[in-house]
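Residue numbers (my numbering): 471 to 543. Take a look at the structure set out below.
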Amino acid sequence: LELYLESNINLNPVKTLATKERNNSPFSNAFHRCRQILRLTRLVVDAFQLADVIQYIFTRIGALADMYRYIYK
């Protein structure tokens, strides 16, 4: 059982398919592989969004530091 973090900070359980269930499903492993690829893609996109937020925060902090450097010189 895995936990999925939604965009509104809710943790929802996600049932992973057992090997027997995967082999008996009509799509076999193809659906499972596509699901894993989409999950990885979502993680990469979330990582880039987090990096953008961190860069924005550091840019704002840098601008404030520059402003105070000239005020209190």
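Even glycine gets a Cβ: it sits at the ideal position worked out from N, Cα and C. This one's a predicted model, so the numbers in the text were calculated from it and none came from an experiment.
Between residue i and residue j, what straight-line distance do the alpha-carbon atoms span, to the nearest angstrom?
i, j, result
"G532", "N482", "38 Å"
"A521", "L513", "12 Å"
"M537", "D516", "32 Å"
"A535", "Q519", "24 Å"
"F501", "V523", "33 Å"
"I527", "T511", "25 Å"
"E491", "I507", "19 Å"
Nearest CA to the CA of residue i: which residue from the options?
i, options, result
"R505", "N494, K485 and I524", "K485"
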